[in-house]
Amino acid sequence: MHQLIGNPQRRVFLLSAAVLLLSGCKPVEATGPSSSALRPRTVAPVPATSAAAPIPLVSPEPEPAVPASGPEPTTRSQEQIIAEFSGRSPSYWGLQAPNVLQVLPEPAAGIALTLDFCGGPGGNGTDHVALKTLKHLGIPATLFLNARWIHHNRALTRELAAEPLFELANHGTRHAPLSVAGNSAYGIPGTQSSGQVYEEIMSNDNLLTEITGKRPRFFRPGTAYLDDVAAEIALALGVVPTGFSINADAGATYPASVVAAETAKARPGDIIISHGNHPGSGTGAGLSAAIPALLDKGYVFTTLGTALP
Ligand SMILES: [Zn+2]
-10 MHQLIGNPQR
0 RVFLLSAAVL
10 LLSGCKPVEA
20 TGPSSSALRP
30 RTVAPVPATS
40 AAAPIPLVSP
50 EPEPAVPASG
60 PEPTTRSQEQ
70 IIAEFSGRSP
80 SYWGLQAPNV
90 LQVLPEPAAG
100 IALTLDFCGG
110 PGGNGTDHVA
120 LKTLKHLGIP
130 ATLFLNARWI
140 HHNRALTREL
150 AAEPLFELAN
160 HGTRHAPLSV
170 AGNSAYGIPG
180 TQSSGQVYEE
190 IMSNDNLLTE
200 ITGKRPRFFR
210 PGTAYLDDVA
220 AEIALALGVV
230 PTGFSINADA
240 GATYPASVVA
250 AETAKARPGD
260 IIISHGNHPG
270 SGTGAGLSAA
280 IPALLDKGYV
290 FTTLGTALP
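So this is what it looks like as structure tokens:
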């Protein structure tokens, strides 16, 4: 039995979850692939839920999901990144570029739940139901914060940084798909050069470092789309480009029942993507419905940083 099953707050919380399941949800933002993405290293890139979504250019070559070497403190300047990468042409565009962390390294001790806080118009809110769920159940999670969201939620960012359960990570500066060639995803223009990739990563990296006192280790681009060269730039800057293996909420557009069903598919090693910036969506209620059942199965949760020491 899992150590958290005896959490006295859990029963009360389940009642709260049941009530919340009855609350309404509304589509808010479409990001991420279909929910059927399972083990990305063995499947082709998954198209977006939108018919107008971009199609990956090529299938990825089998690559280790985990970079051979972990992130190291970077001393590279923007000029050095431009000099090193500006002559490179990408051969992949999508969610599963080589070097992107999509599942935890084996043997995986747990499930990594991640929540994105995308910011921007309509995206600067906070799903307190989701955060309270995690705190009440004692669930570790990695929170990917975008700079726009941080600017609207400075005090809360500090609170989240001080919460031992949570690890803060980098969700970009402008929430741009990470491209060295100006590719777009879901109609959102991507960065256009290696220099802009540097800015997209490092501006928010500096902001998070200033607020939390330590550099974030993991980076997920806005929309999670990136090319292979941009993924290499992230590694060169000392951060792990991070994807996912289970899309729990499709950009906070799924109703709670679907969020719960998708989350329930998680097994040790999976990285779940969901969103923490859309109060009123089905995400918080869906997570609160699904997580206790996963705990009952004996599964544990982990942050990415704990899983990749
Ligand atoms: Zn996002």
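Residue numbers (the working numbering): -10 to 298. Virtual Cβ for every residue (Gly too), placed ideally from N, Cα, C. It should be emphasised that the depicted structure is a prediction, and the values quoted were computed from it without experimental measurement.
Sequence-distant residues of the same chain with beta carbon closer than 6 Å to residue i, five excluded per side
i      : result
G112   : N266
H141   : N113
L145   : none
M(-10) : Low local confidence applies: a pLDDT of 37 at M(-10) is under 50, so the model's placement there is unreliable, with the coordinate-based value given in what follows. Excluding sequence neighbours, M(-10) sits near nothing in its chain.
L297   : none
Q181   : G171
D285   : none
R137   : G108, G109
L293   : A101, T131, F207
S75    : S183
A158   : T131, F133, P205, F207
Spatial distance of residue i from residue j (CA atoms)
i    : j    : result
A245 : P257 : 22 Å
V228 : F208 : 6 Å
A237 : I71  : 36 Å
N172 : R163 : 15 Å
Y288 : G99  : 6 Å
L149 : G161 : 17 Å
P87  : K254 : 25 Å
S263 : L126 : 17 Å
L120 : F106 : 12 Å
L197 : R77  : 29 Å
E68  : E251 : 43 Å
V118 : T291 : 20 Å
A165 : N195 : 17 Å
I190 : K203 : 15 Å
P96  : T295 : 13 Å
Endpoints, beta strand (DSSP E) assigned at residue i
i    : result
T115 : Element bounds for T115: n/a, residue is neither H nor E.
E95  : It is not in any beta strand (DSSP E) - E95 carries neither H nor E in the DSSP assignment.
N135 : Run containing N135: none; DSSP gives neither H nor E here.
I315 : For residue 315 there is no data in the structure shown, the boundaries of the chain being -10 and 298.
L157 : 155 to 159
Residue range of the unbroken alpha helix (DSSP H) whose run includes residue i
i    : result
E73  : 67 to 74
G275 : 272 to 285
R147 : 143 to 151
N88  : N88 -> no alpha helix (DSSP H), and no H or E assigned at all.
S192 : 183 to 201
A165 : Here A165 belongs to no alpha helix (DSSP H), and DSSP marks it neither H nor E.
L293 : 293 to 296
7 Å Cβ shell around residue i - same chain, five flanking residues per side excluded
i    : result
R65  : A225, L226
R147 : I200
E52  : Any reading at E52 must be qualified, since the residue scores a pLDDT of 42, below 50, and its modelled position is unreliable; the value itself is stated next. These residues qualify, in order along the chain: P87, N88.
S192 : A136, T162
T115 : N142, L145, G265, N266, P268
Close Cβ partners of residue i (< 8 Å) along its chain, the five nearest in sequence each way excluded
i    : result
S168 : P79, W82, G179, T180, Q181, V186, Y214, L215, D216, A219
I177 : H164, A165, P166, G211, T212
Below 8 Å, how does it come out for the stretch 183 to 191 and the stretch 218 to 233: are there three or more Cβ pairs, yes or no? Three or more pairs of CB atoms, one per stretch, sit closer than 8 Å, so the stretch 183 to 191 contacts the stretch 218 to 233.
With three or more C-beta pairs closer than 8 Å as the rule, is the stretch 97 to 111 touching the stretch 66 to 84? no
The stretch 127 to 136 contacting the stretch 148 to 160, beta-carbon criterion three pairs below 8 Å: yes
Secondary structure, alpha helix (DSSP H): runs of 4+ residues fully inside the stretch 206 to 269: 217 to 225, 245 to 252
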